[in-house]
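Just so we're aligned, residue 1 is where the sequence shown starts under full-length UniProt numbering, counting upward by one. Glycine residues also receive a C-beta, built at the ideal position from the N, C-alpha and C atoms. What follows is a short report on a single structure.
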Amino acid sequence: MREQEALSDDHYHWLTSLVTARHLEKPTCRLIAATAFLFGVIPLLLITHQPGPYTAWRVGVASAITLCTSVIAVMWATRCWPTRGQSRASAVVATACVAAAVAVIPDPLVAALGAMAFAGPAGFTALFHTRRLLAGTWAVAAATVALATWRLATAQPLLAAAVLPLIVLVNIFAGFAWLLVTHLTDAKVSSALTDPLTGVYNRTGFDEQITTLLGARDRSDDQYLVIAAIGVDTHGLLMSLGHHAQAERAVITAARQLRTAVRRDTVLAYRGDGDFLLAELFTTADPAVMLERLRGTLTDRPAELSASIGAVSTLLAPLSALPPNDVLDELLYLADQARHGAHRAGGNTVRTTINPALTVLDDEDDDSGAIDG
């Protein structure tokens, strides 16, 4: 499935949806923030308590490390969930900080053992981001470990030979362990979230993707969320006549045609009974051109199916802070109502509700008023 293929390398979006769905954003953010802060404080403590040559510039570098990791900690502690770009920046900065810390710690043995701290950013990168970024992290780690081992070997070669395998194994194990976790989780999640008949998302997968979309922090305020309910009327007709196999083929054909007609980042799902769901972001409120294109894709050759499409379009920004399940339930209800209207009008048509007055927004305003009062 194209949506899943697009996310198979960078795990950030679907892991975000899993974390959000289980209400684990705050504990996860706090853990990462605490880890980043401790990583930054330790080098400064080691250097100030181990006087050596060039202490002033070493303390300066260690202070810069503490400042950088403190910024990372504050970002993760104060935001509900950082954007993918901010998360990637955190991993890159953390990697650079570990390398700098190993370089300035005066004791060669402590510096060499400190290189095991690369397991932190390596594991984080393997869990949330791309293999390319992980390879970059390992490349920096390899150069840093080589330098630290060389420093130790000039004074204690046997100790360096004993420590080097330990450092390498810890860092490689951390990265590969999290890669294995994401691989197994990705396979399990993909199977659980995919409809076996059509190959697109099922209803659970659709909910997970919309949760991620609503929680994204890098969306522009002027974007509109469009939710469409697409009913393949041909499926219902064939089922009523007892032609179950033909009805199934109609659904498969509809899924294939819809996949070719939507954009790469469109969320497409099948919820059964000939009904598809679609979610997409627009810079304008009216998705008529896209919806008519989808209708034509289904009704024209080679598909030649009858379809009723209902959609709702609403501004995205006010929805981001609301409970995703409540938002999705109301938007799907409105899309279904529009689809029923299209079906009652004879089918093969589109009905769209633009900027409706959402009750979830009214409830949020009422709650805010109660708190302020």
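Rounded straight-line distance, which links the Cα of residue j to that of residue i
| i | j | result |
| --- | --- | --- |
| L361 | E330 | 11 Å |
| A77 | L67 | 15 Å |
| A126 | R88 | 11 Å |
| V59 | A111 | 15 Å |
| F176 | L334 | 45 Å |
| V181 | L268 | 26 Å |
| R263 | E208 | 19 Å |
| P157 | L166 | 15 Å |
| T349 | G231 | 11 Å |
| residue 381 | A153 | Outside the displayed range of the chain (1 to 373) lies residue 381, so it cannot be described from this structure. |
| L45 | F39 | 11 Å |
| T137 | H49 | 29 Å |
| L294 | A261 | 7 Å |
| A229 | M75 | 38 Å |
| L197 | G114 | 51 Å |
| A139 | L332 | 47 Å |
| N171 | H343 | 59 Å |
| T266 | T28 | 28 Å |
| L133 | H243 | 51 Å |
| W81 | D300 | 44 Å |
| H183 | A174 | 14 Å |
| P121 | L316 | 33 Å |
| T212 | R84 | 11 Å |
| V226 | V19 | 24 Å |
| I252 | A345 | 25 Å |
| L169 | A96 | 20 Å |
| G199 | A255 | 8 Å |
| V102 | S70 | 18 Å |
| W150 | E25 | 41 Å |
In DSSP terms, what residue i is bridged to
| i | result |
| --- | --- |
| residue 385 | Residue 385 falls outside the range modelled here, since the chain spans only 1 to 373, and no answer is possible. |
| G199 | In the DSSP output, where bridge partners are listed per residue, G199 has none listed. |
| A269 | Y201, L277 |
| residue 425 | Here the chain comprises residues numbered 1 to 373, so residue 425 is not present and cannot be evaluated. |
Cutoff 6 Å; reference residue i; Cβ partners in own chain excluding five residues on either side
| i | result |
| --- | --- |
| V98 | A117, F118 |
| G347 | D233, S306, S308 |
| F124 | A91 |
| L179 | A126 |
| residue 395 | Coverage of the chain is limited to positions 1 through 373, which leaves residue 395 absent and any answer about it impossible. |
Residue i (DSSP reduced to helix, strand or coil)
| i | result |
| --- | --- |
| I72 | helix |
| T48 | helix |
| A285 | coil |
| V262 | coil |
| R351 | strand |
| T130 | coil |
| D218 | Its pLDDT being 48, under 50, D218 is placed unreliably by the model, and the measurement read from it follows with that caveat. Coil, per DSSP. |
| A307 | strand |
| T154 | helix |
| T194 | strand |
| L15 | helix |
| H243 | coil |
| T83 | coil |
| L24 | coil |
| S320 | coil |
| A160 | helix |
| Q302 | For the record, residue 302 in the displayed sequence is Pro; it is not Gln. In the structure shown, P302 sits in coil (DSSP, three-state: anything other than H, G, I, E or B). |
| I210 | helix |
| A56 | helix |
| G346 | coil |
| I105 | coil |
Proximal residues to residue i (C-beta, below 8 Å), its chain only, five neighbours per side dropped
| i | result |
| --- | --- |
| Q246 | L238 |
| T352 | D286, P287, A288, L291, G310, A311, V312, S313, A338 |
| I47 | T55, R58, V59, A62, V104, I105, P106 |
| T359 | E330 |
| A250 | V232, T234, H235, L238, G274, L305 |
| L109 | L152, Q156, L159, V163 |
Other residues of its chain near residue i: CB distance less than 7 Å, five sequence neighbours each side excluded
| i | result |
| --- | --- |
| L214 | L319, S320, P324, V327 |
| G236 | G274 |
| F128 | H11, Y12, L15, S87 |
| A100 | V61, I65 |
| Q257 | T297, L298, A303 |
| G205 | L193, T194, A269 |
| I72 | A36, S90, V93, A94 |
| G341 | G310, R351 |
Test: residue i CB closer than 8 Å to a CB of chain B
| i | result |
| --- | --- |
| W57 | Absent from the structure: chain B. Only one protein chain is present. |
Task: contact_flag[the region 32 to 40, the region 139 to 155] where n(CB pairs < 8 Å) is 3 or more - done: Touching, no.
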